[in-house]
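If you read the protein sequences in the order shown, they are chains A and B. So in numbering that gives the first Met the number 0, spot 336 of the first sequence is number 335, and the numbers just go up one at a time. So in numbering that gives the first Met the number 0, spot 84 of the second sequence is number 83, and the numbers just go up one at a time. All C-beta atoms in this analysis are idealised placements derived from N, C-alpha and C, irrespective of residue type, glycine included.
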Amino acid sequence: MAPFAGFDMPISYPTGAVEEHLICRRSVGLFDIDHMGQVEISGQGAAEYLSLLVSARVRDMHEGEARYSLLLDEAGFVLDDLFIYKLRDSWWVVVNASNHESDLAWMRGRAPRGVRIVDKSDDTYMIAVQGPRAIELLDSVAGGAASRLNRFSAAKVAIGGTRTLFGRTGYTGEDGGEIFFPASEALELWEFLLAQGAKLGIEVAPIGLAARDSLRFEAGMPLHGHELGPSINPIEAGFKWACDFAKDFIGRKALEAVVAAGPARRLVGLEVTGGVPREGCAVLTPEGARAGACVAGMYCPTVKKFAANAFVPPEYAKAGTALAVSIRDKPRDAVVVKRPLYVPAYRR
Amino acid sequence: MKIDPDCRYRSTHEYARKDGSDYVVGISDHAQEALGDIVFVEAVEVGKIVAQGEAIGVIESVKAASDVYAPLSGKVAAVNDALQGDPSLVNKDPYGAGWLARITPSNASEWDGLLDAAAYEKEAGKE
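Structure follows, in C-alpha cells:
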C-alpha cells in the first residue's frame with residue numbers, strides 16, 4: 000500500500016504487478032479508482048463557460064458523448080487532463096486526484112454567475128472494468144447495455160442492482176468501461192463483478208497502481224505530472240489534437256505562438272537496453288551531451304521491453320534516432336520508437 | 000516468508016550459504032516479496048574484490064531499484080547469468096535458481112558475525 004493524493008492505494012495486489020498487467024491484456028482487470036475526482040457543471044451558460052475553460056471542442060457534444068480534454072492556464076501549460084461526459088442537463092468532468100482541489104479552485108474562479116460547479120467526488124465511486132472480455136462481463140450484468148454503447152460514449156445503466164453512469168472509456172488501451180455510482184454501494188458492486196467473472200469462467204482480477212501505470216504507458220496515454228504538467232505545453236507533448244483552434248479557450252494564444260515557432264522539444268518514446276529507465280534519468284546524445292530527461296520509464300510487460308518517455312529537442316525526436324539514457328551514472332543504449340508501444344483497442 | 004536454514008543473513012536481507020570453499024549469495028525470500036516483481040538484475044563483474052557491505056549488484060523491481068550488499072568480503076567468483084534472461088527467478092526461487100553471485104571469501108570469520116536463520120527470522124518478522 001502507498002499513500003496517493005490522500006488515498007491509501009495498493010501498488011499491487013498479491014497477484015503481482017506484472018501478472019496483473021497481463022491479466023488485463025488477456026481477460027479483465029478491475030480498477031478501484033475512487034481517488035479520481037468528479038465535478039458536475041451545469042446552469043445558464045455552462046456550455047459557453049466550459050468551451051472557454053477547456054482545450055477540446057465541447058459545443059458539438061451530444062448527450063452521452065465522452066471526450067478527452069486539457070485544462071490549460073493562460074501560458075498554455077497543462078493544469079490537468081480531463082474526461083468530459085455530456086449528460087442531459089450537465090457536464091460530468093473527471094479530474095485527476097492530485098489536481099482535484101486546484102482544478103476546483105480554477106474552475107470556480109472563472110465561472111460566471113449562473114454556472115453551478117458541484118464537487119461530486121465524495122458521493123461518487125469509480126471502478127474501471129478493462130480488458131478484451133470486459134464488455135462480455137459487463138453485458139452479462141447490464142442486459143447487454145455495454146456493447147450497445149459506442150466507444151467514448153456513456154449512458155445510465157443498471158449493473159446488478161446498482162444504478163450507474165457507465166462510460167465506454169478507459170485508461171489501459173483495452174476495451175471496457177468506467178462506472179460511476181453511489182459510494183455506499185462500492186464494495187457490493189466490486190465483489191459482484193468478481194463473482195460474476197468466476198460464475199462465467201471469465202478471469203477477472205483487481206489491478207493495482209503499478210499495473211495501471213504500465214498499462215496506460217504502453218498504450219501511449221499520458222499521466223499528469225509526467226507526460227503532461229504545469230511546465231509542459233500540449234504541442235510539445237503531442238496533444239495538439241486535443242486543442243480546438245477553431246474556438247477560443249484559455250491558453251490558446253500561447254499555444255498559437257508555440258505552433259508558429261515550433262516546439263523547442265518533443266515527447267518521444269525510448270526503448271532502452273541494459274537497465275530500467277526511471278523518471279528523472281538524463282537522456283544523452285551519442286556524443287554524451289545532455290539532450291533531455293525521462294518523465295516516466297518502466298518495464299513494459301506486454302511488449303517485454305524497458306521503455307521511457309522523454310522530452311528531447313526536435314532534431315532527436317525521429318523514430319530510429321540512437322540516444323542513451325543514463326542509469327546509475329552509466330549511459331545505456333536507447334532508441335527513439337514510435338508511440339504507442341501497444342496499439343489501443345479503439346485505434347485498431 | 001521462507002527461511003533457508005543453511006544460510007546466514009545480513010539484516011539488509013542478503014543471504015550467504017557455504018558451497019565448498021565459496022559462498023553462494025542472494026536476497027532472502029522476505030526481500031523478494033517486499034520488492035515485488037523483479038524485472039532486471041545488474042551484478043558487478045566477475046573477479047571484483049568486494050568488502051562486506053559493499054554493493055555487489057542492483058535489483059530492479061517494478062517499483063524501484065535496490066542495491067544488494069556483499070554479506071562477506073572476498074572475490075566475486077561467478078555471477079548468475081540466467082538472471083539476465085529471467086530476472087523473475089529471484090522471485091520464484093531466491094535461495095536456488097535466483098542466486099546472485101558466488102564469493103570466494105577473504106575473511107571467513109565474517110560468517111560467524113552473520114545472523115543465523117532463527118535470528119534473521121526474528122529480525123525480518125519485525126518489519
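Less than 7 Å between CB atoms is the rule here; does residue i satisfy it with respect to chain B?
i	result
A/Ala-292	no
A/Ala-259	no
A/Gly-15	yes
A/Ser-11	yes
A/Tyr-170	no
A/Ala-209	yes
A/Val-275	yes
A/Tyr-298	yes
Please say whether residue j and residue i have beta carbons closer to each other than 7 Å?
i	j	result
A/Asp-162	A/Gly-176	Looking at the sequence shown, residue 162 of chain A is not Asp but Arg. Cβ distance not < 7 Å, so A/Arg-162 and A/Gly-176 don't count as in contact.
A/Val-282	A/Leu-322	yes
A/Gln-129	A/Gly-224	no
B/Pro-86	B/Val-43	no
A/Asn-308	A/Gly-268	yes
B/Gly-73	B/Ile-102	yes
A/Ser-169	A/Ala-210	Sequence check: residue 169 of chain A is Gly here, not Ser. For A/Gly-169 and A/Ala-210, no; Cβs fall outside 7 Å.
A/Gly-219	A/Arg-338	yes
A/Glu-270	A/Ala-306	yes
B/Glu-13	B/Ile-2	no
B/Lys-47	B/Val-75	yes
B/Val-45	B/Val-23	no
A/Pro-300	A/Leu-21	yes
A/Arg-56	A/Asp-243	yes
B/Val-38	A/Tyr-298	yes
A/Met-35	A/Met-125	yes
A/Ala-153	A/Tyr-48	no
A/Ile-201	A/Arg-132	yes
A/Ala-236	A/Leu-266	yes
B/Leu-71	B/Ala-118	no
A/Ala-16	B/Asp-36	yes
A/Phe-30	A/Ile-206	yes
A/Val-348	A/Gly-291	Because residue 348 of chain A is not part of the residues shown, which for chain A are 0 to 347, the question remains open.
B/Glu-126	B/Ser-10	no
B/Val-49	B/Ala-69	yes
A/Ala-185	A/Ala-96	no
A/Ala-134	A/Ala-145	For the sequence presented, residue 134 of chain A should be read as Ile rather than Ala. Yes. Within cutoff.
A/Val-156	A/Gly-44	no
A/Gly-75	A/Ala-253	yes
A/Asp-122	A/Ala-182	yes
A/Ile-234	A/Leu-71	no
B/Glu-59	A/Val-275	yes
Would you say residue i faces chain A, with C-beta separation under 7 Å as the test?
i	result
B/Asp-36	yes
B/Val-61	yes
Per DSSP, residue i forms a beta bridge with which residues?
i	result
A/Pro-233	Answer is none; A/Pro-233 lacks a bridge partner.
B/Ala-64	B/Glu-59
A/Pro-330	A/Ser-325
A/Lys-304	A/Cys-299
A/Gly-15	In DSSP, A/Gly-15 forms no bridge with anything.
A/Trp-90	A/Ile-40, A/Lys-85
A/Gln-129	A/Gly-28, A/Gly-175
A/His-223	A/Leu-227
A/Ala-344	For A/Ala-344, which the question treats as bridged, DSSP gives no partner whatsoever.
A/Met-8	A/Ala-1
B/Leu-114	B/Tyr-8
A/Phe-310	A/Leu-266, A/Ala-292
If contacts are defined as beta-carbon pairs under 8 Å, then residue i and residue j qualify, I think. What distance do you get, rounded to the angstrom?
i	j	result
A/Leu-69	A/Ser-54	4 Å
A/Asp-118	A/Val-38	6 Å
B/Gln-51	B/Glu-109	5 Å
B/Ala-96	B/Pro-4	Incorrect: roughly 19 Å between the Cβ atoms, too far for contact.
A/Val-335	A/Tyr-315	7 Å
Could you check if residue i belongs to the surroundings of the ligand HEM, using beta carbon to heavy atom distance under 6 Å?
i	result
A/Arg-25	The ligand HEM is absent from the structure shown, which contains no ligands of any kind.
Q. Do the segment 59-70 of chain A and the segment 82-99 of chain A touch if we need at least three Cβ pairs shorter than 8 Å?
A. yes
Q | Cβ contact (3+ pairs, closer than 8 Å) linking the segment 123-142 of chain A and the segment 95-106 of chain A | A | no
Q: Say whether the segment 321-335 of chain A touches the segment 280-294 of chain A, bearing in mind that this needs 3 or more beta-carbon pairs closer than 8 Å, one atom from each stretch.
A: yes
Q. Between the segment 200-217 of chain A and the segment 3-19 of chain A, are three or more C-beta pairs nearer than 8 Å?
A. yes
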